[in-house]
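Asks: This is the structure I want to talk about, given as structure tokens.
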Amino acid sequence: MSLSLVHSRALLGLEARPVCVEVHLANGLPSFTLVGLADTEVKEARERVRSAIANSGLDFPSNKRITVNLAPADLPKDSGRFDLPIALGILAASGQISAARLAGWEFAGELSLGGELRPVRGALAMSLALHRSSPGSGGPALPTRLVLPPGSAEEAALVPEAQVYRARHLLDVIAHFLPESQNVTEPPPDDGGWQRLTPTSAGRAPHYADLADVKGQIAAKRALEIAAAGGHSLLMMGPPGSGKSMLAQRFAGLLPPMSSLEALESAAVASLAGRFSLERWAQRPTCAPHHSASAVALVGGGSPPRPGEISLAHHGVLFLDELPEFPRAALEALREPLESGHIRISRAAMQSEFPARFQLIAAMNPCPCGFLGHPTKACRDTPDQIARYQGKLSGPLLDRIDLHVEVPALPPDDLLQGAAGEPSSAVRERVQTARALAHTRQGQPNQALAGQALDEHVLAETTALKFLNTAAARLGWSARSTHRALRVARTIADLAGAQGVSASHVAEAVQYRRVLRQTP
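Just so you know, we're using the numbering used here here: the sequence shown kicks off at 448 and counts up by one.
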């Protein structure tokens with residue numbers, strides 16, 4: 448009898464839980480049993496591993512009773528990431544590689560039938576978990592060296608101080624863990640098949656569409672600047688072709704550059720969903736799901752739970768075009784994440800929490816035909832149709848959107864002969880200055896101010912508070928709407944470089960809490 452242990456990781460939400468792959472070879476009727484709450488694709492590893500070992504010229508112990516246990520037994524395992532550790536465990540148990548040398552290493556990778564290693568999703572989350580649990584990070588003395596396939600290894604190497612090795616074939620891994628009797632000297636040098644990757648900030652400088660491409664729409668651009676400076680959500684309403692989508696697609700370029708931590712968190716979520724690309728490293732994501740997306744597609748779900756669009760937009764932008772056309776359940780599911788910045792998905796067997804600190808940019812038409820209030824085209828909808836259309840957006844959801852702005856249709860002369868607008872770089876500089884003021888004063892964006900922090904840092908003048916109180920009473924605002932208008936006024940004051948919030952700042956903030964329901 449022989450037993451070997453190989454370490455790997457299983458993904459549960461954004462967490463990469465340690466998994467010990469135990470392989471036991473015994474005499475008896477030949478069999479290959481895999482246990483440990485494995486999903487279908489993990490159970491299929493039996494055939495992939497058998498073929499990969501045989502086609503690599505190695506000896507598969509087909510005359511033995513093989514038992515593979517993925518511990519802990521109550522942790523769900525999915526994907527083909529366990530192919531490589533299972534293969535190494537079988538080879539170690541049969542004496543073809545040294546089981547002692549596997550200590551201090553973790554492995555993940557899907558095997559082809561010929562033994563080549565294929566990428567797996569969530570490599571960045573695995574590397575982050577290893578880094579946080581390493582002795583240098585104050586964690587226990589756990590293995591810190593990670594072996595991954597091409598494509599996954601480059602992701603994992605983005606984590607600072609990560610010890611990541613890239614292997615292209617099963618034989619590349621075997622060569623570094625041969626028994627002492629076969630390899631008494633140092634392991635073979637790094638080559639094209641096996642290579643240690645240096646931690647790096649891979650990727651080019653982020654590229655965004657320029658706000659200068661949008662002509663006119665001064666009021667909408669001002670609202671975008673305020674939203675970027677304070678981290679506020681924004682709803683744009685206007686007829687078709689007025690530029691709402693163009694404005695939203697350029698919003699990410701107004702935000703400050705991502706910090707290393709923000710880039711890692713955003714990339715980890717994208718890696719978990721299989722969407723990460725090195726070319727988009729440190730580029731703020733803009734997610735624009737179709738209006739037919741379900742609530743699960745937006746907030747996440749499934750078994751095991753996967754991140755939705757709001758988590759994929761973490762530290763970026765979630766653009767919802769044609770907002771009233773989204774299913775009511777999907778829109779109402781956005782309420783809590785807009786407030787908390789995270790989403791907890793609960794299922795009967797498990798709970799997963801995903802980050803969801805995104806900025807919501809939404810767009811809609813004023814009516815079903817889209818031409819309510821258009822200067823040249825008449826609206827053909829009845830008041831009841833308009834009320835039903837705008838009534839698809841609930842009051843509680845609108846309450847959580849800080850800025851409401853109208854985007855009118857442009858006259859042909861302004862569109863064809865108008866000068867180019869202000870570039871994104873100039874607006875971004877003002878946004879960075881305003882965010883720096885807020886961070887120095889309170890350590891967080893203005894949108895996150897609440898409770899005593901709002902009272903302490905808003906620094907509103909008496910006339911400003913009186914003006915806001917009058918506006919809230921006349922317009923019938925809720926307490927949430929009043930506080931959101933105050934946060935927007937604080938951002939407007941920061942953009943102006945003012946120490947306190949004056950009545951003029953509050954007046955501008957009040958105009959962005961408009962009433963949507965109108966009649967022709």
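Note that CB positions come from ideal geometry on N, CA and C, so glycine has one too.
Helix, strand or coil, according to DSSP, for residue 817 in the structure here?
Replies: Numbered from its first residue, the sequence shown carries residue 817 at position 370. Coil, per DSSP.
Asks: Could you give the first and the last residue of the continuous beta strand (DSSP E) run that contains residue 612?
Replies: Mapped onto the sequence shown, residue 612 falls at position 165. Element bounds for residue 612: 610–614.
Asks: Among the residues of its own chain, which have a CB less than 7 Å from the CB of residue 607, if the five just before and after it don't count?
Replies: Sequence index remark: in the sequence shown, residue 607 carries index 160 (1-based). Within the same chain, residue 607 has close Cβ partners 646.
Asks: Quick check on the burial criterion: 16 or more other C-beta atoms within 10 angstroms. Buried or exposed for residue 756?
Replies: Taking the first residue of the sequence shown as 1, we reach residue 756 at position 309. Under this definition residue 756 is a buried residue.
Asks: List the whole-angstrom C-beta distance separating residue 544 from residue 535, where the pair is believed to meet the contact cut-off of C-beta under 8 Å.
Replies: Looking up residue 544 in the sequence shown gives position 97. Looking up residue 535 in the sequence shown gives position 88. At roughly 7 Å, the Cβ-Cβ gap stays under 8 Å, so residue 544 and residue 535 are in contact.
Asks: So for residue 480, helix, strand or coil by DSSP?
Replies: Counted from its first residue, the sequence shown places residue 480 at position 33. Of the three classes helix, strand and coil, the one that applies to residue 480 here is strand, per DSSP.
Asks: Which residue from 682, 768, 680 and 618 puts its Cα closest to that of residue 502?
Replies: By 1-based counting over the sequence shown, the position of residue 502 is 55. Among 682, 768, 680 and 618, the Cα nearest to that of residue 502 belongs to 618.
Asks: Could you tell me the boundaries of the alpha helix (DSSP H) in which residue 894 lies?
Replies: On the sequence shown, residue 894 is found 447 positions in, with the first residue counted as 1. First-last for residue 894: undefined, no H or E at that position.
Asks: Going by DSSP, what residue range makes up the alpha helix (DSSP H) through residue 594?
Replies: Sequence index remark: in the sequence shown, residue 594 carries index 147 (1-based). Unbroken run through residue 594 is the beta strand (DSSP E), 592–595; no alpha helix (DSSP H).
Asks: Where does residue 533 land, buried or exposed, given buried means 16+ other C-beta within 10 angstroms?
Replies: Stepping through the sequence shown from its first residue, residue 533 is reached at position 86. Looking at its Cβ environment, which holds 16 or more other Cβ atoms inside 10 Å, residue 533 is buried.
Asks: In terms of residues, what are the limits of the alpha helix (DSSP H) holding residue 695?
Replies: For the purposes of this step, residue 695 is identified with residue 248 of the sequence shown, where counting begins at 1. Residues 691–696.
Asks: With a threshold of 8 Å, are at least 3 pairs of Cβ atoms found where one atom belongs to the region 813–822 and the other to the region 897–914?
Replies: Counting Cβ pairs under 8 Å, fewer than three are found: no touch.
Asks: Assuming residue 459 contacts residue 751 under a Cβ cut-off of 8 Å, what Cβ separation, rounded to an integer in Å, is found between them?
Replies: Along the sequence shown, one-based indexing puts residue 459 at 12. Along the sequence shown, one-based indexing puts residue 751 at 304. With 8 Å as the limit, residue 459 and residue 751 qualify as a contact, their Cβ atoms being about 6 Å apart.
Asks: Who does residue 754 pair with in a DSSP beta bridge?
Replies: Within the sequence shown, residue 754 is the residue found at index 307, counting from 1. Beta-bridge pairing links residue 754 to 747.
Asks: Rounded to whole angstroms, how far is the Cβ of residue 932 from the Cβ of residue 956, which I believe are closer than 8 Å?
Replies: Here residue 932 corresponds to residue number 485 of the sequence shown, with the count starting at 1. Here residue 956 corresponds to residue number 509 of the sequence shown, with the count starting at 1. Right, their Cβ atoms sit about 5 Å apart.
Asks: Out of curiosity, what's the CA-to-CA distance linking residue 464 and residue 742?
Replies: Here residue 464 corresponds to residue number 17 of the sequence shown, with the count starting at 1. Here residue 742 corresponds to residue number 295 of the sequence shown, with the count starting at 1. When rounded, the separation of the alpha-carbon atoms in residue 464 and residue 742 is 27 Å.
Asks: In the DSSP assignment, what residue or residues form a beta bridge with residue 516?
Replies: Start at 1 with the first residue of the sequence shown, and residue 516 comes out as number 69. DSSP, once it has assigned bridges, lists 469 and 482 as partnering residue 516.
Asks: Here's a check: name, in chain order, each residue in its chain whose Cβ is nearer than 8 Å to the Cβ of residue 585, leaving out the five neighbours to either side.
Replies: Against the sequence shown, residue 585 aligns to sequence position 138. Low local confidence applies: a pLDDT of 47 at residue 585 is under 50, so the model's placement there is unreliable, with the coordinate-based value given in what follows. Cβ within range, chain order: n/a, list empty.
Asks: Does residue 785 come out as helix, strand or coil in the three-state DSSP assignment?
Replies: Residue 785 sits at position 338 when you count from the first residue of the sequence shown. Helix at residue 785.
Asks: Here's a check: name, in chain order, each residue in its chain whose Cβ is nearer than 6 Å to the Cβ of residue 693, leaving out the five neighbours to either side.
Replies: One-based indexing of the sequence shown puts residue 693 at position 246. In its chain, beyond the 5 residues on either side, 661 have a beta carbon closer than 6 Å to the beta carbon of residue 693.
Asks: Please state whether DSSP places residue 853 in a helix, a strand or coil.
Replies: Within the sequence shown, numbered from 1, the residue matching residue 853 stands at position 406. Of the three classes helix, strand and coil, the one that applies to residue 853 here is strand, per DSSP.
Asks: Measuring CB atoms only, is the region 469–486 touching the region 512–524, in the sense that at least three cross pairs come out at less than 8 Å?
Replies: yes
Asks: List the whole-angstrom C-beta distance separating residue 500 from residue 472, where the pair is believed to meet the contact cut-off of C-beta under 8 Å.
Replies: In the sequence shown, the residue the question calls residue 500 occupies position 53. In the sequence shown, the residue the question calls residue 472 occupies position 25. Going by Cβ atoms, the distance from residue 500 to residue 472 rounds to 13 Å, so no, they are not a contact pair.
Asks: CA-CA distance, residue 507 and residue 577?
Replies: Taking the first residue of the sequence shown as 1, we reach residue 507 at position 60. Taking the first residue of the sequence shown as 1, we reach residue 577 at position 130. Distance between the alpha carbons of residue 507 and residue 577: 31 Å.
Asks: Considering just the uninterrupted stretch of the beta strand (DSSP E) at residue 553, what are its terminal residues?
Replies: One-based indexing of the sequence shown puts residue 553 at position 106. Annotation: the continuous beta strand (DSSP E) that includes residue 553 extends over 552–554.
Asks: Tell me which residue opens and which closes the beta strand (DSSP E) that residue 682 is part of.
Replies: Position 235 of the sequence shown, counted from the start, is the residue given in the question as residue 682. 681–684 is the extent of the beta strand (DSSP E) around residue 682.
Asks: Throw me the rounded Cβ distance for the residue 783 and residue 841 pair, which I believe falls under 8 Å.
Replies: Counted from its first residue, the sequence shown places residue 783 at position 336. Counted from its first residue, the sequence shown places residue 841 at position 394. Not confirmed; about 14 Å, so no contact.
Asks: Identify whether residue 859 lies in helix, strand or coil by the three-state DSSP scheme.
Replies: Numbered from its first residue, the sequence shown carries residue 859 at position 412. Helix.
Asks: From which residue to which residue does the alpha helix (DSSP H) around residue 775 run?
Replies: For the purposes of this step, residue 775 is taken as the residue at position 328 of the sequence shown. Here the alpha helix (DSSP H) through residue 775 covers 775–779.
Asks: On the DSSP bridge list, what partners appear for residue 449?
Replies: Your numbering for residue 449 matches position 2 in the sequence shown. The partner list for residue 449 (beta bridge, DSSP) reads 472.
Asks: In chain order, what residues of the same chain have a beta carbon less than 6 Å from the beta carbon of residue 773, not counting five sequence neighbours either side?
Replies: Along the sequence shown, one-based indexing puts residue 773 at 326. Result list for residue 773: 738, in chain order.
Asks: Comparing alpha-carbon positions, which option in 851, 846 and 671 lies nearest residue 811?
Replies: Counted from its first residue, the sequence shown places residue 811 at position 364. Of the listed residues, the one whose Cα sits closest to residue 811 is 851.
Asks: Since residue 855 and residue 832 are thought to touch, with beta carbons under 8 Å apart, how far apart are those beta carbons, to the nearest angstrom?
Replies: Along the sequence shown, read from residue 1 onward, the residue named residue 855 stands at position 408. Along the sequence shown, read from residue 1 onward, the residue named residue 832 stands at position 385. Residue 855 to residue 832, Cβ: 21 Å. No contact.
Asks: At a cut of 8 Å, does the region 877–894 reach the region 688–708 through at least three beta carbon pairs?
Replies: yes
Asks: Output needed for residue 451: all residues of its chain with C-beta closer than 6 Å, excluding positions within five of it in sequence on either side, in chain order.
Replies: Indexing the sequence shown from 1 puts residue 451 at position 4. For residue 451, where only same-chain residues beyond five positions count, the Cβ hits under 6 Å are 470, 536, 539, 540 and 546.
Asks: Closer than 8 Å is the cut-off here; do at least three beta carbon pairs connect the region 567–574 with the region 591–605?
Replies: yes
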